[in-house]
Amino acid sequence: MSGGSDGDGGDGRRAPAITEKAWNPGLESEIRRKWQQEDTYRFTMQEKGRNYTIDTPPPYPSGRPWHIGAAAHYSQIDMIARTARMSGKNVYFPIGIDRNGLPVEIYTEKKHNIRMRETDRTEFLEMCSDSLDELESEMVQIMDGLGLSGDTSARYRTDTPQYRALTQATFIKMWRNGDVYLANRPNNYDWVSGTTIADAEIAYVEMPAKLVHMRFKLEAPREGGKDHIIVASTRPELLCACRAVIVNADDERYSGCAGRTVTVPVTNQKVPILEHHSARAEFGSGAVMVCSYGDQNDVALFRELGLEEVAAIGLDGRMADAAGPYAGLRPKQARAKIIEDMQESGDIISRVEEITHRTPVAERSRNPIEIIPMEEYYVKQMDYTDRIREMAEEITFHPPMHKQVLFNWLESISMDWPISRRRYYGTEIPAWRCQKCGDTYVPEPGRYYRPWTEECPARECPKCGASDFAGEERTFDTWMDSSISPLFICGYAGGGADGEVADGANDRFERLYPASIRPQAKDIVRTWLYYTLLRCDKMTGTAPWSEAWIMGYGLDEHGLKMSKSKGNAIDPLPVIERLGADTFRFWNASEVNHGYDFRCSEQKIESAKKFLSKLWNVSRFLSSFEVPDGGGDEGADLLVQDKPARGSLQDADRWILGELDALVERCRRGYSEYNFFTPAIAVREFTWNVFAAHYIEMVKGRAYGMGFSEGERRAAVRTLHAVLHAVLRLLAPITPFITEYLWQRMYAAPGGKSIHLEMLPGRAPAPDSGPDTGSPDGGDDATTRAITEFNSMVWNRKKSENLSLKDGIALEIPDALKPFERDLRAMHNITNSG
RNA sequence: GGGCUCAUAGUCCAGCUCGGUUAUGACGUCGCCCUUACACGGCGAAGAUCCGGGGUUCAAAUCCCCGUGAGCCCA
112 MSGGSDGDGG
122 DGRRAPAITE
132 KAWNPGLESE
142 IRRKWQQEDT
152 YRFTMQEKGR
162 NYTIDTPPPY
172 PSGRPWHIGA
182 AAHYSQIDMI
192 ARTARMSGKN
202 VYFPIGIDRN
212 GLPVEIYTEK
222 KHNIRMRETD
232 RTEFLEMCSD
242 SLDELESEMV
252 QIMDGLGLSG
262 DTSARYRTDT
272 PQYRALTQAT
282 FIKMWRNGDV
292 YLANRPNNYD
302 WVSGTTIADA
312 EIAYVEMPAK
322 LVHMRFKLEA
332 PREGGKDHII
342 VASTRPELLC
352 ACRAVIVNAD
362 DERYSGCAGR
372 TVTVPVTNQK
382 VPILEHHSAR
392 AEFGSGAVMV
402 CSYGDQNDVA
412 LFRELGLEEV
422 AAIGLDGRMA
432 DAAGPYAGLR
442 PKQARAKIIE
452 DMQESGDIIS
462 RVEEITHRTP
472 VAERSRNPIE
482 IIPMEEYYVK
492 QMDYTDRIRE
502 MAEEITFHPP
512 MHKQVLFNWL
522 ESISMDWPIS
532 RRRYYGTEIP
542 AWRCQKCGDT
552 YVPEPGRYYR
562 PWTEECPARE
572 CPKCGASDFA
582 GEERTFDTWM
592 DSSISPLFIC
602 GYAGGGADGE
612 VADGANDRFE
622 RLYPASIRPQ
632 AKDIVRTWLY
642 YTLLRCDKMT
652 GTAPWSEAWI
662 MGYGLDEHGL
672 KMSKSKGNAI
682 DPLPVIERLG
692 ADTFRFWNAS
702 EVNHGYDFRC
712 SEQKIESAKK
722 FLSKLWNVSR
732 FLSSFEVPDG
742 GGDEGADLLV
752 QDKPARGSLQ
762 DADRWILGEL
772 DALVERCRRG
782 YSEYNFFTPA
792 IAVREFTWNV
802 FAAHYIEMVK
812 GRAYGMGFSE
822 GERRAAVRTL
832 HAVLHAVLRL
842 LAPITPFITE
852 YLWQRMYAAP
862 GGKSIHLEML
872 PGRAPAPDSG
882 PDTGSPDGGD
892 DATTRAITEF
902 NSMVWNRKKS
912 ENLSLKDGIA
922 LEIPDALKPF
932 ERDLRAMHNI
942 TNSG
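In this note's numbering, the protein residues as written are 112 to 945.
The structure is reproduced here in structure tokens:
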């Protein structure tokens, strides 16, 4: 398809090689098949340091439709892979699916109208797995449709025995190093889901609440002094767990109260009044009751003041025995009941205020959480923030501003990470407990353990010799799994059958780890990114990657966060099917400014199609001119740099090649930061408004050979092809399908080498390449403006004089444009002689 | 309360790092046009007190300060 000048017509034209009038998105599936057959994106491992590993986020199939923002996100990750590949990197782009965790359990409960805890565990796990398979296949269909250049058919899953065995192995190693420990302490508890929640997974919502002002009787009231103080609380059902009342030292209403004792109403225990800075005079009455546990502040106060906790609420989410007559009620019911009781018994309540209160809820299930003391496994993180900060300093963030998100989070970490969950669909905690001495037995790493259904591998307890074990029923927080994705993809597991795990390092791991880049969304910096740094460093002593690429959120067309509950989520699949992946991807690149939130609207996506049409028609036009010799491979680049060829170039040719150089430079700068917005905008602007609108129009006559010498004609044709040759490659990471198609029809080397195996235009990739040989001219804004303005002026004049564009016209060509005179004369049919 | 980000035509956005033309382009609107790449197009037109105030400067959308409003994150 390249080279040769057969079929040239008398006027230097031949029939266009491309005849179809428009880009047909239906061709995408054909192109995808070609890539598959030719294994275009095959990764062949090279020695250490020469592999470019992308720690792709494994998406979670939590329900349909898959968010269009996520589709945009994965398209951009693919652009990273393609950019890296076309920059000469040896790209390893694994695709995974995250399948552990709460959402699928909730989805499955709803789908089958069952309750997890009332269902046989094995059966429930199977149902979850089936749900995941279904949702996953839809997701994979979208990923394939988007043209991801990773191998979705070889995707990894976080719930396979191999992956889970690795999660368990890392846990076992950390347990033995003392980085994991068991502790009984107050914890965020989602009693609806029946599980512990980490700080990172708590969200806050404003909810209406009753602020009850209660009279607490003062002991030994002084002469003429008041006999009570008012304590305001939104949680009167926790009166039984009250162990102190605090006031602010600066609050005059309570001067002299500190150190005295009050009687808690209803339950009548006597508690001290203490001064503490956390009591705010302006909230409620200024006096606050400290209970185990109304909120995180209570937890801190109990610890700080050395108070003895009372378990007011049990793991079943109901009031415990300590609540006396209210035992067995839900906290909400107990609250209503106790308010009623207090009102009946007279003077306890002074007033009830309706307020809105920030209530902590579980981020995923949206259930209100309680703080309940219980025993959980913890990963040490408190003493570790300096090391994380140190690693983060070394990692390049794209864009840099998002590094701050991580630093802010590091500032606010206040406790170790609880990792045990009372759920089913997750990686089991590999532990057994000796029923006699209570010691925890953790087995050897190497395979996938399921303690709730499996005999303890140890015959007898290493500590007491007893042989009666109870298998651990809990699972891990899902971040325990996903935070080791760099270890898994780099082969830390060794990839043995049946979930066997080789012990840590091996050849594959040595060559691949640390990975190169972690692309991910902004909202999981404090979870996935942070936990990955923590976990991978603990396992390897090395940061898991050298670059992090952070993308913003997809918002709806009004700038609101998309969610299924709001009903403003857009299903990406029909959009992609109707408009094609390239349209979606070009919209995505040209609309999503690097790192910022972006708005999704179907109308705007549709309008991106226009540029692809333009590109198509420009190519169709150029396909009617012979591709100069050596047009394949680096031919067009050579053409730009080739001195003799340059000799015959006209001023207009040099001008557009200079503009092209400026474009290439801008794009390269964007691509070097994995910013696709800049190249997309720049290429569109250049191709549409400079190249097509002005250059092509100017040299059309010359390219036809009308009134020009053969050398001049060839110069135009060469230049036209040189520009398109570069533009296609510049766009290839963003719109892989149309560029591949046009490349194959026009420029591909014999054998049909994919455009995606070519290099981005500009510098040669090899380190031993010669000095830069860009065009001598570079971009010339003044000339471009002069040309644009002149053309506009002529068009306007013809219009106002009611002339057709091909009609002749007499006018002067400004001095600045004299070098382009002959092209301009041909273009506008200027009739008067100079 | 703290942090991050943003504010430019009806809508979206470029330009701001490093101050200097008539402030970029797209969508939408209107008018004219089938000119042999493109009517999924071309040309043209209308549309912006560059959020407000102050400062620096010969010169500010751009730099500095003070506000206001919005979004997100954390307390």
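Each residue gets a CB set at the ideal place from its N, CA and C atoms; glycine is no exception.
In this text, all values refer to a predicted model and were calculated from it rather than measured experimentally.
- [ ] Assign Lys720 to one of two classes, buried (16 or more other C-beta atoms within 10 Å of its C-beta) or exposed (fewer than that).
- [x] buried
TODO: Pull up the distance between the alpha-carbon of Ser396 and that of Glu415, whole angstroms please.
DONE: 23 angstroms
- [ ] In angstroms with no decimal places, state the Cα-to-Cα distance between Tyr437 and Glu451.
- [x] 12 angstroms
Open item on the list: With DSSP as the reference, identify every bridge partner of Thr507, one or two as the case may be.
Closed with: Glu658
Task: The beta strand (DSSP E) enclosing Trp543, as first and last residue numbers - done: Trp543 to Cys545
Open item on the list: With three or more beta-carbon pairs closer than 8 angstroms as the criterion, would you say the stretch 292–301 touches the stretch 485–500?
Closed with: yes
TODO: Please name the residue, chosen from Glu784, Trp543 and Tyr560, that lies closest to Asp574 on a Cα-to-Cα basis.
DONE: Sequence check: residue 574 is Lys here, not Asp. The shortest Cα separation from Lys574 among Glu784, Trp543 and Tyr560 belongs to Trp543.
- [ ] Check whether the Cβ atoms of Tyr267 and Ser242 lie closer than 9 angstroms to each other.
- [x] no
Task: Residue closest to Thr830, alpha-carbon to alpha-carbon, out of Gly769, Glu869 and Gly862 - done: Gly769
Open item on the list: Given this structure, state the Cα-to-Cα distance separating Glu522 from Asp494, to the nearest angstrom.
Closed with: 12 angstroms
Open item on the list: Run through the DSSP bridge pairs and tell me what Cys353 is partnered with.
Closed with: Cys402
TODO: Identify every residue that forms a DSSP beta bridge with Lys321.
DONE: Glu465
Open item on the list: If contact is defined by three or more beta carbon pairs under 8 angstroms, each pair taking one atom from either stretch, is the stretch 186–198 in contact with the stretch 212–230?
Closed with: no
Open item on the list: Can you confirm whether the stretch 530–547 touches the stretch 558–569 when touching is taken to mean that 3 or more C-beta pairs between the two stretches lie within less than 8 angstroms?
Closed with: yes
Open item on the list: Could you tell me the alpha carbon to alpha carbon distance between Pro302 and Asp310, rounded to whole angstroms?
Closed with: Checking the displayed sequence, the identity of residue 302 turns out to be Trp instead of Pro. When rounded, the distance between both Cα atoms is 16 angstroms.
TODO: Can you have a look at Met238 and say buried or exposed, based on whether 16 or more other CB atoms are within 10 angstroms of its CB?
DONE: buried
- [ ] Over the uninterrupted beta strand (DSSP E) stretch that includes Gly812, give me the two end residues.
- [x] Not the beta strand (DSSP E): Gly812 falls in the alpha helix (DSSP H), residues Glu808 to Tyr815.
Task: Of the residues Leu723, Gln157 and Thr638, the one placed nearest Glu796, counting alpha carbons only - done: Leu723
TODO: Could you say which of Leu771, Cys572 and Gly781 lies nearest to Trp799 if we only look at CA atoms?
DONE: Leu771
TODO: Leaving aside the five residues before and after Gly873 along the sequence, list all residues of the same chain whose C-beta is less than 6 angstroms from its C-beta, in chain order.
DONE: Val775 and Arg779
TODO: Specify the secondary structure class of Glu220 as computed by DSSP and reduced to three states.
DONE: helix
Task: Proximity to Val356 [Cα-Cα], best of Lys337, Arg326, Asp892 and Arg333 - done: Arg326
Task: Terminal residues of the alpha helix (DSSP H) in which Glu932 lies - done: Glu932 to His939
TODO: Round the Cβ separation of Thr372 and Glu330 to the nearest angstrom and send it over; I've been treating them as touching at under 8 angstroms.
DONE: 4 angstroms
Open item on the list: Once the 5 residues before and after Ser173 are set aside, which same chain residues still bring their CB inside 8 angstroms of it?
Closed with: Pro214, Val215, Tyr218 and Leu246
Task: Residues near Val291 in its chain [Cβ-Cβ closer than 8 angstroms; skip 5 each side] - done: Phe282, Met285, Tyr488, Tyr489, Val490, Lys491 and Ile530
Open item on the list: So, with DSSP's three-state summary, where would you put Gly582?
Closed with: strand
- [ ] Keeping to the same chain, check which residues put their C-beta closer than 8 angstroms to that of Val516; ignore five residues upstream and five downstream.
- [x] Lys633, Val636, Arg637 and Ile661
- [ ] Indicate whether the contact test is met: 3 or more Cβ pairs, each with one atom in the stretch 135–155 and one in the stretch 196–205, closer than 8 angstroms.
- [x] yes
Open item on the list: Please state whether the Cβ-Cβ distance between Ser593 and Thr269 is less than 9 angstroms.
Closed with: yes
Open item on the list: Using the three-state DSSP reduction, which class does Ser627 fall into: helix, strand or coil?
Closed with: strand
TODO: Give a yes or no on contact between the stretch 331–348 and the stretch 447–467, applying the rule of three or more CB pairs nearer than 8 angstroms.
DONE: yes
Open item on the list: Suppose contacts are defined by Cβ-Cβ distances below 9 angstroms. Is Ala392 in contact with Asn359 by that definition?
Closed with: yes
Open item on the list: Which of the three DSSP states is assigned to Arg795 in this structure?
Closed with: helix
- [ ] Could you tell me the distance, in whole angstroms, from the CA atom of Met254 to the CA atom of Asp244?
- [x] 15 angstroms
Task: Closest residue to His513 among Phe413, Val421 and Glu658 (Cα-Cα distance) - done: Glu658
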